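Numbering (my numbering), first residue to last: 32 to 391.
Even for Gly, the Cβ is constructed at its ideal location relative to N, Cα and C.
Keep in mind that this is a model prediction, so the values were computed, not measured.
Structure, as structure tokens:
So, in structure tokens, the structure goes:
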């Protein structure tokens, strides 16, 4: 089946550094994950890809440890640790504080991984790769199989409930993505950008009407963006005004990725999650609306009161940086931002201690 895979095969173990063996040589420096020894592995999910895996074990620990499996964002970038990046700093702080084994898999074509380029990698294949990696990595001898938690970051919040479907996990935490349908999610991206960019508010509604029509044709009907503009002259120019679009790609991913995501029942997948859940929303998120995040918590708590924990971080943007206002966040203003990694890490740590690793 698509979940089948050969176990990850450790290749190198060196404290603090992991990139010492590559499929394809590059000039990039090795990852530094201070306080951990990282084993590199190779995962063959059965479709011709060969994916780099990372098992980072906290130094000074023995035996099986609770573990965190990481599910990443949509951007075509590596998941290797990059100190100074709020996402990396947050993950490192959580793992060091609680002594967690960190489990990661590099997306096809990113970093050392081989397989379809990110621009050609579709949603279903990516989810299948994550599911195969999860099955392989939780068998590591340093992992306590009964205490594995999953952290989904950004679009990882959307893919995470599909990745863990039918899997044994102790908890699921997400941030930067909600449970709206994918169509609503993409429309919301546009709405947020327009509200923060357009000076004349009277221009927003007619533009949004055009974009709603365009997204439906592109995502649900599966029509090519250039054909939409050709066949509907009043929609001409919409594609180029939508953030992240390009020739055959959207946010660097193929059209098939977004259409497959739009065909998935995201809220339905959340309804199948039975473990404690943490949902974190950042007030000045440059893409996501609070409603989609809150929807996860409300849906779960209707069925099982107390299952979900909802936390809002004031003044924080999508990438865990703090800004003075939403307009500075929208500009990704380097001169007016500070890292909020420790704030986000503290939230995740408190939840794990209170709801998942109680008594550990």
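Taking the alpha carbon of residue i as the point to measure from, which residue in the options has its own alpha carbon closest?
| i | options | result |
| --- | --- | --- |
| residue 275 | 307, 220, 294 | 220 |
| residue 117 | 371, 381, 383, 380 | 371 |
| residue 21 | 270, 227, 377, 230 | This structure cannot settle anything about residue 21, because the visible part of the chain is limited to 32 through 391. |
| residue 357 | 320, 379, 389 | 320 |
| residue 153 | 294, 206, 288 | 288 |
| residue 347 | 106, 266, 140, 376 | 376 |
Is it right to say residue i is buried, meaning 16 or more other beta carbons lie within 10 angstroms of its own, or is it exposed?
| i | result |
| --- | --- |
| residue 387 | buried |
| residue 76 | buried |
| residue 157 | buried |
On the three-state DSSP scale, how would you describe residue i?
| i | result |
| --- | --- |
| residue 387 | helix |
| residue 97 | strand |
| residue 327 | helix |
| residue 170 | coil |
| residue 377 | helix |
| residue 202 | strand |
| residue 353 | strand |
| residue 137 | coil |
| residue 184 | strand |
| residue 219 | helix |
| residue 243 | helix |
| residue 370 | strand |
| residue 177 | strand |
| residue 92 | coil |
| residue 254 | coil |
According to DSSP, what are the bridge partners of residue i?
| i | result |
| --- | --- |
| residue 339 | 308 |
| residue 82 | 74 |
| residue 87 | 69, 133 |
| residue 347 | 353 |
Does the distance between the C-beta of residue i and the nearest non-hydrogen atom of the ligand ATP fall short of 6 Å?
| i | result |
| --- | --- |
| residue 184 | Summarising the ligand content, the structure contains no ligands, and the ligand ATP is consequently not present. |
Is any beta-carbon of chain C found at less than 7 Å from that of residue i?
| i | result |
| --- | --- |
| residue 388 | Protein chain content of the structure displayed is limited to a single chain, and chain C is not contained in it. |
Is it the case that the stretch 128-135 contacts the stretch 82-92, given that we only count it when at least three CB pairs across the two stretches are under 8 Å? yes
Contact between the stretch 230-243 and the stretch 345-356: three or more CB pairs below 8 Å? no
Would you say the stretch 193-200 touches the stretch 221-228, given that touching needs at least three Cβ pairs under 8 Å? no
Sufficient close CB pairs (3 or more, under 8 Å) joining the stretch 334-345 to the stretch 299-312: yes
Between the stretch 211-218 and the stretch 260-271, are three or more C-beta pairs nearer than 8 Å? no
When the Cβ atoms of the stretch 104-122 are set against those of the stretch 241-259, are three or more pairs found closer than 8 Å? no
Determine contact between the stretch 143-160 and the stretch 180-188, defined as no fewer than three beta-carbon pairs at a distance below 8 Å. no
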